Every structure is written in C-alpha cells, then in structure tokens.
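This report refers to the structure that appears directly beneath it.
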Amino acid sequence: MSSTRRTTDRALIPTGHDASSYTCLRSLARRGIGSVVASEKPGVPAAASRYCDESVALPDPRADLLAYRDALLAICERDDVRTVIPVRPEDCYVLSRYEAEFSEHVSLVVPTMPQLERVHDRLLLAAAAEAAGVPVPETRRLADVDDWSDKLLIKSRYNVLTDAYLEELGPSDMDVVKNICHVGNGVTPDVEGIRTTMRHDPIVQEFVETDGEFMFTGLYDRGEPLATFQHRQIRGNSYTGGGGVYRRSISDPELESVGRKLLAELDWHGLACIEYMRDADTGEYVLTEINPRMWQSLPSTVAAGADYPWYYWLAATGRADEIDPDYDLGVGTHMLHGELGYLISVLTEDSPHVPRPSVARTLWEIGSSIAAEPRFDYLTLDDPWPFLAGVRNVLPDLPFDRLPLPDRLRRGRPDGS
781 MSSTRRTTDR
791 ALIPTGHDAS
801 SYTCLRSLAR
811 RGIGSVVASE
821 KPGVPAAASR
831 YCDESVALPD
841 PRADLLAYRD
851 ALLAICERDD
861 VRTVIPVRPE
871 DCYVLSRYEA
881 EFSEHVSLVV
891 PTMPQLERVH
901 DRLLLAAAAE
911 AAGVPVPETR
921 RLADVDDWSD
931 KLLIKSRYNV
941 LTDAYLEELG
951 PSDMDVVKNI
961 CHVGNGVTPD
971 VEGIRTTMRH
981 DPIVQEFVET
991 DGEFMFTGLY
1001 DRGEPLATFQ
1011 HRQIRGNSYT
1021 GGGGVYRRSI
1031 SDPELESVGR
1041 KLLAELDWHG
1051 LACIEYMRDA
1061 DTGEYVLTEI
1071 NPRMWQSLPS
1081 TVAAGADYPW
1091 YYWLAATGRA
1101 DEIDPDYDLG
1111 VGTHMLHGEL
1121 GYLISVLTED
1131 SPHVPRPSVA
1141 RTLWEIGSSI
1151 AAEPRFDYLT
1161 LDDPWPFLAG
1171 VRNVLPDLPF
1181 DRLPLPDRLR
1191 RGRPDGS
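Position in the sequence shown counted from 1, then plus 780, gives you my numbering.
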C-alpha cells in the first residue's frame, strides 16, 4: 500500500488500466476529496498520480468474484470511505447485486438488480427500447437465426457472464465477452465455435449503415435526471467502432429525447452511458448499448465541464441539489494510446461491412486533429506520471528503471515487483 496525502473523506475507486479512474480521482481531489485506488492489476496508471492518496491490492474478480466482493466490503468498512465509484462492468454488477451489504457502510447510487438485468441482457434491453419508442436494431438469439443473407453482427447477449444470467455458472464466476463478429452477406458463420468462444448463446443484430456514432450519458435519481451529457464519437478503438478515443461535446434535442425516453422506460437510478449510432438512411438515433457505470471517454466529458465524478459524489452524499449540469459545446479530446489502437486496426483488421480507411488518410486525420485539439485523457503537465505508467504498460521493455522517476511510478511494475 502506498500513501501520498490524507483527506478526511474518501471515495473507493476500483479499477484496471482505465482512463476514467484517473479522471475520477483527479476530479475529486480538486474538490478536497481523497481517494483509494484499488486494483488486482500491477502498474495501474491512476495509482501513479500525484492525486492518489492510497493504492490497495484486490483479488482478481474474474478468478473469484466473491473474494473480490469481500475485499471491497472490507475497504468500505473504514470510517473515511464514503462511497464506491463504479468504473468497470464487474463493479457495477457487484455493487447492485450486493447493494444491501455495501449500504451498511457506504452510500451508493446504483441501479437495482431488476433494472440492471434489463440493461445487461441485450434482448431485454432491445425490448425496453421498443417499449420506449427508441429505434433499435433487430435483435435475436443466435439459436433463432437460420437465414444469413443479410449483413449481421454477433455479440455477447450479456454485459457480464455471471450466475445471475447463466445457470451453469456459480456465484464466484464472472467474465466479460467483448467479441463482435461481423458476418458478411450469405456467409454462414461457425455457430458452435462462436458459442464455445463466448461461453453462451449470444445475440445476432442487423448491421445498421451509419453516418456517425454518439454517446448520451446521465446520472439519475429514481427515474429523474440529475445531469445529462452528449458527445459525437469521431474515432473509436477500431475503425469498425468501439469506445471513443476522439470525441467532441454536442447538444442535439433528438439525441436528448431518445436518451431520456429509454431511461424513463427503465425508471433508471444511477449512472448510464448510452451509445447510439445515427442511421445513414433515416437519420434516426439507433440504440447500440447501455453501460451502467463510468465510461471510457469520461475524461472528455469532464473536460467539457460535465464533472460526473463530482456529480456522483454529491448524489451519494445527499447533496444532489448542488449539481450544475451545464457543459461547454465543441470540446474535443483524445485518448492517445486509443488513437494508436485505431491506427493498428487500420493496419490489421478487416470487416465485410465497414470500408477500411487508407493508412495515409488515417495518419493525417489523427495528426491534424491532435494538433488542432491538444487535449488528452492522461497526458497533463502537472501530473505526467499516469501517462508514463500507461506507456510502461503498453511498452514494458523500455528501460524505465534507468530514468529518474518517482517511487509511485516504480511500484507495481508489470512483472509484479
């Protein structure tokens, strides 16, 4: 465990190598609120930050979910820990599933399990979208598809695989399946191989031709919005899509409408990040998915003035009336290693549905956009260590031990030392 400074009240931030966790502790530190960064992974960038008060090791939730839960509960028993901020899929599941146990020690703003199940099960989510009048791609179980003549996608039915959704799993089992299989017209996929890889019967969705990807986020209190935010995703993790690595804040009444309609149908409570794609033919915003937690592009959200970590703290500590949901429009930001991932996807990936951009055009667009909008998720002059920790994780063979770096960056090396 490492400690750099102390404050009276702290938020517990379980994390991996997520940019959003660094944004959370930096945002709260500026408000005088401390943080406990907890992870099962070595070399967590957030733990290298000057704003990190304390870092704690956790069991691996994907090896033993109950041991992970118990470790979180033990930290929550401390008098200085007031809340837990959900950053990853495993955290939003654990906090909702065991909310009664956690609420004995901390205050949470998380959905109930019935609400979470309607979001985690993409079949139920599609039905909720239809009930709300929100456009959604045709969604079926893989077992129900026998016609492969259209452009289709195969993806996990569930955000997380746990015993709440799959009877063959036990209470300590947990996994996340992010595979998305693009199926070309008239191509019959290896159905049994896909089921084996995904460990369950996934879903099949129609492929929607789009002219843009968008995000609508909200923090809700029992069906009532405390704050909402929108951005347009300009580039994702891959040229075929994925989480945003270059985004710009916007405000579109139609996007606001479909986002609020869906969360009203769900009677939502807590955080929600809703991904939409705009149908190139109809101009409608079509639902992609909901993540009930902080999101990958949270640094972009906070850079535009929508300070969701602070909003969450205020809601969790009974001060929701202090939330000011206004934000600035036209603010663009980059995740630098995500931009590298996008370039790698152009070099290595292939899709029967999405044309691959040229390498020269990709390099020009990334370089020119960084020059025009030099705002970055990790890289800051007043706190460079998280960015360097992230580089160390991506390029572990670089000679970091030869550099004059602070102890916080030397601890938790990828080899576990």
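Every residue gets a Cβ at the ideal spot worked out from N, C-alpha and C, and that includes glycine.
Just so it is clear, the structure is predicted and the values come from calculations on it, not from any experiment.
For residue i, the residue or residues it bridges with in DSSP
{"i": "N1071", "result": "C1053"}
{"i": "M995", "result": "H1011 and E1055"}
{"i": "A791", "result": "S815 and T863"}
{"i": "G1024", "result": "G1016"}
{"i": "T942", "result": "Answer is none; T942 lacks a bridge partner."}
{"i": "A837", "result": "S819"}
{"i": "Q895", "result": "None, per the DSSP bridge assignment."}
{"i": "F1156", "result": "H1114"}
{"i": "I934", "result": "C961 and V984"}
{"i": "E1064", "result": "Note: E1064 sits in no beta bridge, so no partner."}
{"i": "D955", "result": "L941"}
{"i": "Y1000", "result": "P1005 and G1050"}
{"i": "T977", "result": "According to DSSP, which records beta bridges pairwise, T977 is partnered with nothing at all."}
Local Cβ density within 10 Å of residue i, reported as buried at 16 or more and exposed below that
{"i": "P869", "result": "buried"}
{"i": "L932", "result": "buried"}
{"i": "M781", "result": "Any answer about M781 is weak, because its pLDDT of 40 lies below 50 and its placement is not dependable; what the coordinates show is given next. M781 comes out exposed."}
{"i": "R921", "result": "exposed"}
{"i": "E834", "result": "buried"}
{"i": "R1058", "result": "buried"}
{"i": "G745", "result": "Any answer about residue 745 is impossible in this case: the structure gives the chain only from 781 up to 1197."}
{"i": "A799", "result": "buried"}
{"i": "L1143", "result": "exposed"}
{"i": "R785", "result": "Annotation note: pLDDT 47 at R785 (below 50); position unreliable, coordinate value reported separately. When all chains shown are included, R785 counts as exposed."}
{"i": "N1071", "result": "buried"}
{"i": "N939", "result": "buried"}
{"i": "D850", "result": "exposed"}
{"i": "L998", "result": "Residue 998 is actually Gly in this sequence, not Leu. The residue is buried, with at least 16 neighbouring Cβ atoms inside 10 Å."}
{"i": "T919", "result": "buried"}
{"i": "G1024", "result": "buried"}
{"i": "A911", "result": "exposed"}
{"i": "P841", "result": "buried"}
Whether residue i touches residue j by CB criterion (9 angstroms)
{"i": "S936", "j": "M978", "result": "yes"}
{"i": "N1017", "j": "G1098", "result": "no"}
{"i": "G992", "j": "R1012", "result": "yes"}
{"i": "P1005", "j": "L1043", "result": "yes"}
{"i": "Y1000", "j": "W1048", "result": "yes"}
{"i": "H962", "j": "S819", "result": "no"}
{"i": "L896", "j": "Y878", "result": "no"}
{"i": "L903", "j": "I983", "result": "yes"}
{"i": "A1169", "j": "V916", "result": "no"}
{"i": "V1139", "j": "L1123", "result": "yes"}
{"i": "E1129", "j": "Y1026", "result": "no"}
{"i": "L1094", "j": "A1100", "result": "yes"}
Rounded Cβ spacing between residue i and residue j (contact assumed at less than 8 angstroms)
{"i": "R1259", "j": "G1112", "result": "Coverage of the chain is limited to positions 781 through 1197, which leaves residue 1259 absent and any answer about it impossible."}
{"i": "A791", "j": "T863", "result": "5 angstroms"}
{"i": "I865", "j": "V816", "result": "Between V816 and I865 the Cβ distance is about 10 angstroms, and since that is not below 8 angstroms, they are no contact."}
{"i": "A1060", "j": "E989", "result": "5 angstroms"}
{"i": "L1078", "j": "Y1056", "result": "In fact, because the Cβ distance is near 18 angstroms, the residues do not count as touching under 8 angstroms."}
{"i": "R811", "j": "W1165", "result": "21 angstroms between Cβ atoms; not a contact."}
{"i": "S952", "j": "V867", "result": "Incorrect: roughly 21 angstroms between the Cβ atoms, too far for contact."}
{"i": "E881", "j": "L853", "result": "6 angstroms"}
{"i": "V889", "j": "S876", "result": "No, V889 and S876 are not in contact; Cβ-Cβ is about 11 angstroms, not under 8 angstroms."}
Endpoints, the alpha helix (DSSP H) within which residue i is located
{"i": "R1092", "result": "According to the sequence provided, residue 1092 is Tyr. The question's Arg does not apply to it. Counting along the chain, the alpha helix (DSSP H) containing Y1092 begins and ends at Y1088 to A1096."}
{"i": "G1039", "result": "P1033 to E1045"}
{"i": "R806", "result": "A799 to A809"}
{"i": "L852", "result": "L845 to C856"}
{"i": "S876", "result": "P869 to R877"}
{"i": "E910", "result": "R902 to A912"}
First through last residue of the beta strand (DSSP E) which encompasses residue i
{"i": "T1081", "result": "Unbroken run through T1081 is the alpha helix (DSSP H), L1078 to A1083; no beta strand (DSSP E)."}
{"i": "C961", "result": "I960 to V963"}
{"i": "E986", "result": "I983 to E986"}
{"i": "R921", "result": "T919 to R921"}
{"i": "G966", "result": "Where G966 is concerned, there is no enclosing beta strand (DSSP E), given that its DSSP letter is neither H nor E."}
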